[in-house]
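Read through the structure below, which is laid out as C-alpha coordinates, and then see the notes.
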Amino acid sequence: MPYDAGLVARVEDVLATLGERTVRQRNVFGGRGFLASRSTFAIVFEEELIVKLPRPDYERCLALAGVRPFAPGDERPMTTWVVVSADVIAEDPELSDWLRLGLQAVRRGGRSASG
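Numbering-wise (the numbering used here), the sequence shown opens with residue 9 and increments by one.
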(Lines of atoms letter the chains of each structure in order from A and count residues from 1; the text may use other names and numbers.)
(Lines give C-alpha, C1' and ligand atoms only; values in the text may rest on other atoms or scores of the structure.)
Protein backbone atom coordinates (compact mmCIF):
# COMPACT_ATOMS: atom_id res chain seq x y z
CA MET A 1 0.00 0.00 0.00
CA PRO A 2 1.74 3.20 -1.13
CA TYR A 3 -0.34 5.54 1.03
CA ASP A 4 -3.26 5.38 3.44
CA ALA A 5 -6.28 7.01 1.76
CA GLY A 6 -7.85 7.60 5.18
CA LEU A 7 -4.82 9.59 6.32
CA VAL A 8 -4.87 11.57 3.06
CA ALA A 9 -8.51 12.48 3.77
CA ARG A 10 -7.62 13.51 7.34
CA VAL A 11 -4.80 15.72 6.03
CA GLU A 12 -7.21 17.33 3.56
CA ASP A 13 -9.73 17.98 6.37
CA VAL A 14 -7.11 19.44 8.71
CA LEU A 15 -5.74 21.70 5.97
CA ALA A 16 -9.27 22.93 5.22
CA THR A 17 -9.76 23.65 8.93
CA LEU A 18 -6.51 25.64 8.89
CA GLY A 19 -7.86 27.68 5.96
CA GLU A 20 -5.37 26.19 3.48
CA ARG A 21 -7.50 26.13 0.34
CA THR A 22 -4.73 26.39 -2.28
CA VAL A 23 -2.75 23.27 -1.31
CA ARG A 24 -2.25 20.87 -4.22
CA GLN A 25 -1.53 17.16 -4.23
CA ARG A 26 0.66 14.90 -6.32
CA ASN A 27 2.48 11.60 -6.03
CA VAL A 28 5.90 11.99 -4.36
CA PHE A 29 8.31 9.21 -3.31
CA GLY A 30 5.53 6.66 -3.83
CA GLY A 31 3.25 8.52 -1.41
CA ARG A 32 0.74 11.35 -1.68
CA GLY A 33 2.44 14.73 -1.43
CA PHE A 34 0.94 18.03 -0.34
CA LEU A 35 2.30 21.21 -1.88
CA ALA A 36 2.02 24.88 -1.02
CA SER A 37 2.76 26.71 -4.25
CA ARG A 38 5.43 24.48 -5.83
CA SER A 39 6.97 23.20 -2.61
CA THR A 40 6.17 19.89 -0.96
CA PHE A 41 5.66 20.24 2.79
CA ALA A 42 4.16 16.86 3.70
CA ILE A 43 3.85 13.38 2.22
CA VAL A 44 1.51 10.62 3.33
CA PHE A 45 3.46 7.38 2.93
CA GLU A 46 1.71 4.21 4.02
CA GLU A 47 0.35 5.14 7.47
CA GLU A 48 3.03 7.70 8.30
CA LEU A 49 3.59 11.35 7.55
CA ILE A 50 6.81 12.68 6.09
CA VAL A 51 7.17 16.36 6.97
CA LYS A 52 9.57 19.14 6.04
CA LEU A 53 10.56 21.09 9.14
CA PRO A 54 11.86 24.59 9.66
CA ARG A 55 15.60 24.17 10.17
CA PRO A 56 15.53 25.43 13.81
CA ASP A 57 12.92 22.77 14.74
CA TYR A 58 14.66 19.76 13.15
CA GLU A 59 16.85 18.56 16.05
CA ARG A 60 14.13 19.21 18.64
CA CYS A 61 11.60 17.17 16.66
CA LEU A 62 14.04 14.32 16.07
CA ALA A 63 14.28 13.91 19.83
CA LEU A 64 10.53 13.21 20.07
CA ALA A 65 9.23 9.65 20.34
CA GLY A 66 7.92 8.30 17.05
CA VAL A 67 9.95 10.68 14.88
CA ARG A 68 12.94 9.66 12.76
CA PRO A 69 14.97 11.20 9.93
CA PHE A 70 13.61 10.69 6.41
CA ALA A 71 16.10 8.66 4.40
CA PRO A 72 14.58 7.50 1.10
CA GLY A 73 15.85 4.09 0.09
CA ASP A 74 17.85 3.89 3.34
CA GLU A 75 20.29 6.43 1.92
CA ARG A 76 21.60 9.50 3.68
CA PRO A 77 18.79 11.34 5.54
CA MET A 78 17.31 14.39 3.83
CA THR A 79 18.10 17.44 5.94
CA THR A 80 15.04 18.90 7.70
CA TRP A 81 12.71 16.06 6.63
CA VAL A 82 11.32 13.62 9.23
CA VAL A 83 8.99 10.64 9.31
CA VAL A 84 6.25 10.87 11.93
CA SER A 85 4.78 7.52 12.96
CA ALA A 86 1.06 6.78 12.77
CA ASP A 87 0.61 6.73 16.54
CA VAL A 88 2.01 10.27 16.89
CA ILE A 89 -0.54 11.66 14.41
CA ALA A 90 -3.47 9.48 15.51
CA GLU A 91 -5.39 12.56 16.68
CA ASP A 92 -6.18 15.62 14.54
CA PRO A 93 -4.65 18.24 16.88
CA GLU A 94 -1.25 16.52 16.61
CA LEU A 95 -1.63 16.06 12.84
CA SER A 96 -2.45 19.76 12.60
CA ASP A 97 0.70 20.70 14.54
CA TRP A 98 2.90 18.71 12.15
CA LEU A 99 1.21 20.14 9.06
CA ARG A 100 1.67 23.68 10.41
CA LEU A 101 5.40 23.01 10.83
CA GLY A 102 5.60 21.76 7.25
CA LEU A 103 3.83 24.83 5.93
CA GLN A 104 6.12 27.10 7.96
CA ALA A 105 9.16 25.37 6.51
CA VAL A 106 8.23 25.94 2.88
CA ARG A 107 6.92 29.44 3.46
CA ARG A 108 10.25 30.45 4.97
CA GLY A 109 11.90 29.60 1.67
CA GLY A 110 13.35 26.24 2.64
CA ARG A 111 14.20 23.67 -0.01
CA SER A 112 11.68 20.90 -0.50
CA ALA A 113 11.33 17.47 -2.08
CA SER A 114 9.85 19.06 -5.19
CA GLY A 115 12.56 21.57 -5.80
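Note that beta-carbon positions come from the ideal geometry of N, C-alpha and C, so glycine has one too.
- Thr-88 is positioned such that its CB atom lies closer than 7 Å to that of Lys-60.
- Pro-77 is bridged by DSSP to Val-90.
- Closest in C-alpha terms to Leu-111, from the list Pro-10, Tyr-11, Val-36, Thr-48, comes Thr-48.
- For Gly-14, the enclosing alpha helix (DSSP H) starts and ends at 13 to 25.
- With respect to Ile-58, Phe-78 sits close: the two C-beta atoms are nearer than 7 Å.
- About 5 Å separates the beta carbon of Val-16 from that of Val-52, a gap short enough to meet the 8 Å contact definition.
- By a beta-carbon distance limit of 8 Å, Ala-44 contacts Val-31. Their separation comes to about 6 Å.
- Between Val-22 and Leu-103, the CB-CB gap stays under 7 Å.
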